[in-house]
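The block underneath contains the structure these notes are about, expressed in structure tokens.
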Amino acid sequence: RTSTLSLHDALPIYQYPARFFWLAIVMLFLILMLNYIDRSALSFAITPIESEFHLNNAQFGGIAGIILAILWYVIYRDGDQNLSSDKTTVTTWRAILTNRALMANNVTYFAYGYVMFFGLMWLPGYLEQTYHINLHKIGWYVTIPWMTGTIFMVLGGLLSDYLMKKTQSIRIARSHMIWTTQLLSALAFLPLLFYFSLPLAIACVSLGIGFSLMPNAVFYSFNIDMTHDKAATSQAIMNCFFAIAYRDWE
1 RTSTLSLHDA
11 LPIYQYPARF
21 FWLAIVMLFL
31 ILMLNYIDRS
41 ALSFAITPIE
51 SEFHLNNAQF
61 GGIAGIILAI
71 LWYVIYRDGD
81 QNLSSDKTTV
91 TTWRAILTNR
101 ALMANNVTYF
111 AYGYVMFFGL
121 MWLPGYLEQT
131 YHINLHKIGW
141 YVTIPWMTGT
151 IFMVLGGLLS
161 DYLMKKTQSI
171 RIARSHMIWT
181 TQLLSALAFL
191 PLLFYFSLPL
201 AIACVSLGIG
211 FSLMPNAVFY
221 SFNIDMTHDK
231 AATSQAIMNC
241 FFAIAYRDWE
């Protein structure tokens, strides 16, 4: 049967022994670290590759995208084995693209990405031009919001899992937490429009970025909860919205 992707009956289905929990955490950390090391190496390689083959940014991105799409299609296919405990449930592309809860999650992830790139690209220049801080000091001030964001992300994951255990409700543990934190993020930036104070600016930006990043893990958990057998596909679509946010800032 086809999945209806309902918030009321979709619940986490993967149960792992507790002894594998920390092993999984360590492995995911190492994979993430290697992923960003690879990104750094690729960023240095792009310029000489474009120069050697006389490509501009758009051409290089198009060729790289086609190659990655082919590799993704060849390697990441749905196998015969389905990890879902409900073998009769099949999540279709139509369900993923038309479900209102998933699309709301995708749009909110766009906003999440927009705030993140806002902090990366706008904040240093804002501090330098508005408060006349030299480049050496800017590095220290910019660190504070991202340290706050790191703490809030951990707290967000813990709080969401706690709410899921207590309520068994995706709407409360995932959806409500996402929109609440994004609203708090927007409200945290408002004092910057009315007050001129460096300590207040750092505090407001730190809270704004912190609340925005807080549901980072919740976005991914929401996809797993809603699309058991197509979680990776659903998350890939969600990441497209994140990429659009980056293009807007470029």
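Quick note: the sequence shown, position 75, residue 75 per our numbering, numbers continuous. Glycine included, every Cβ here is placed at the ideal spot set by N, Cα and C. All values reported here derive from a predicted model rather than from experimental measurement.
{"Check": "Best match in A231, A245, I237, F242 for proximity to T91 [C-alpha to C-alpha]", "Outcome": "A231"}
{"Check": "Length of the line joining the Cα atoms of S175 and A236", "Outcome": "19 Å"}
{"Check": "Whole alpha helix (DSSP H) elements within the stretch 141-211, 4-residue minimum", "Outcome": "177-189"}
{"Check": "Outcome for K197 when other beta-carbon atoms lying within 10 angstroms are tallied against a minimum of 16", "Outcome": "Reading off the sequence, residue 197 comes out as Ser, not Lys. Exposed, because fewer than 16 other Cβ atoms sit within 10 Å of the Cβ of S197."}
{"Check": "Selected residue, minimal CA-CA separation from L183, among T143, D161, V115", "Outcome": "V115"}
{"Check": "First and last residue of the uninterrupted alpha helix (DSSP H) at M226", "Outcome": "216-226"}
{"Check": "Residue range of the alpha helix (DSSP H) that includes N106", "Outcome": "100-121"}
{"Check": "Cβ pair C204, L213 closer than 7 Å", "Outcome": "no"}
{"Check": "Assumed close pair F306, G113 - CB separation to whole angstroms, cut-off 8 Å", "Outcome": "Given that the chain is displayed from residue 1 to residue 250, the structure contains no residue 306 and the question cannot be resolved."}
{"Check": "Inter-residue Cα distance where the pair is M121 and K166", "Outcome": "39 Å"}
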